[in-house]
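Q:
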Amino acid sequence: MDYVTRGVCGQEGCRETRYYLDNGLWYCRRGHLQEGVQVAEDADDFGNLGKTHRLKRETREKGSKSM
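The letter at position 2 of the sequence shown is residue 2 when you use UniProt numbering, and the numbering goes up by one with no holes.
1) Looking at the secondary structure, which residues open and close the beta strand (DSSP E) in which Arg57 lies?
2) Grab me the residues of Cys9's own chain with a C-beta within less than 6 Å of its C-beta, minus the 5 sequence neighbours each way, in chain order.
3) Along the chain, where does the beta strand (DSSP E) that runs through Asp22 open and close?
4) Look at Arg6 and Tyr20 and say whether their C-beta atoms are less than 8 Å apart.
5) Output the boundary residues of the beta strand (DSSP E) element that contains Cys28.
6) If distances are taken between C-alpha atoms only, which option among Lys65, Gly63, Trp26 comes closest to Met1?
What follows is the structure, given as structure tokens:
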């Protein structure tokens, strides 16, 4: 089962931050239903615009200052 890390559950003192999706509803790892949080299917895959790719900058050597 794939878990997604989100905010604290908070139900009945539950401190769980990992959630899974079951039939469009989010549940914490301990089984608490997250009220008001549902996932609707996107028929046209409109939200998938691509991934951000970041390049690491090359590290430059620092030279000493001469007076």
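The C-beta atom is built at its ideal place from N, Cα and C for all residues, glycine as well.
A: Here's the rundown:
1) That residue, Arg57, is in no beta strand (DSSP E); it is neither H nor E in DSSP.
2) Glu16, Cys28, His32
3) 18 to 22
4) no
5) For Cys28, the enclosing beta strand (DSSP E) starts and ends at 25 to 28.
6) Trp26
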